[in-house]
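Novice: Here the sequence shown is numbered in UniProt numbering, starting from 1 and rising by one per residue. Here it is: the structure, laid out below.
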Amino acid sequence: MMHYESDILAPGLDIVFCGMNPATTAAIDGHNFSNRSNRFWSVLQLAGFTDTRLRPDEERRLLDYGCGITAVVSRPTRRASDVSTAEFRSARPEFEAKMRRYAPRAIGFLGKRALVAMTGEPKIGWGPYPPGFAGTTAWVLPNPSGLNRGFTLDDLTRAYTELRCALTRTATTG
C-alpha cells in the first residue's frame with residue numbers, strides 16, 4: 001500500500017481532531033473518514049464546527065473552519081484495534097512534537113484508547129482532559145466510527161457541541 005498522508009494541519013488551529021490511526025478505506029480513498037458508515041462529517045456540521053456537511057474529498061476545507069485532522073499512529077489498519085498499546089506508546093514522542101509544532105488551541109482525541117496508551121492512565125473520562133496534552137487543552141470525544149455503536153448520533157453531537165461551546169467561551173474570554 002502506498003504511503004498515505006492523513007494530516008490536515010496548519011499552525012494555530014482552534015481544534016485538531018485526533019484519530020487513533022487512519023482506516024484502510026481512508027488510505028485507499030485518499031481521504032479521512034471516507035467510509036460511508038463514519039459519522040464524523042455529519043457530527044461536525046450538527047455540532048456547529050462547519051456550516052455545511054463536508055464530504056471526505058473536501059477535507060482540506062476544514063482548515064477554513066479552524067479545524068484539522070491528524071492521527072497518533074500513521075499506519076492505516078482495517079480496525080483501530082489492530083494498533084497495539086506499544087505502537088501508541090512509541091508514536092507518542094513524534095506525535096507530541098507535531099502537536100507542539102502546530103500548537104492548536106485544543107486537541108480532540110477521538111476515543112480513549114490512544115490517550116490511555118500514551119499516558120498510561122487507565123481511567124480517562126469523556127470530555128475535558130484536565131492535564132492537557134502537548135502543552136494545550138485536550139478533550140476526549142467518542143469516536144464517530146460506524147463501528148462505535150455505543151454512541152448514537154445525538155450522543156456524538158452533544159459531546160462535540162460541548163467542546164465547540166467551550167472553545168467559543170475561551171475565545172471570547174481569553
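We put the CB at the ideal spot given by N, CA and C, even for glycine.
Given a cut-off of 9 Å, decide if residue 111 and residue 141 are closer than it, judged by their beta-carbon atoms.
Specialist: yes
Novice: Which class does residue 2 belong to by DSSP, given the choice of helix, strand or coil?
Specialist: In this predicted model, residue 2 has a pLDDT of only 44, less than 50, meaning its place in the structure is not dependable; the value taken from the coordinates is given anyway. Of the three classes helix, strand and coil, the one that applies to residue 2 here is coil, per DSSP.
Novice: Around the C-beta of residue 59, are 16 or more other C-beta atoms found within 10 angstroms, so that it is buried, or is it exposed?
Specialist: buried
Novice: Using the C-alpha atoms, what's the distance from residue 28 back to residue 69?
Specialist: Going by the C-alpha atoms only, they are around 17 Å apart.
Novice: Looking only at C-alpha atoms, which of 45, 124, 125 and 6 sits nearest to residue 77?
Specialist: Distances from the CA of residue 77 to each of 45, 124, 125 and 6 were compared; the closest alpha carbon is that of 6.
Novice: With a threshold of 6 Å on Cβ separation, who are the neighbours of residue 2 within its own chain once the five nearest residues in sequence on each side are excluded?
Specialist: Only weak support is given to the placement of residue 2: the predicted model assigns it a pLDDT of 44, under 50, and the question is left unresolved by the model.
Novice: With a floor of 3 residues, list each beta strand (DSSP E) that falls wholly inside the UniProt domain "Uracil-DNA glycosylase-like" (9-162), ordered by position along the chain.
Specialist: DSSP runs (the beta strand (DSSP E)) wholly in the UniProt domain "Uracil-DNA glycosylase-like" (9-162): 15-19, 67-71, 106-110, 127-133 and 136-141.
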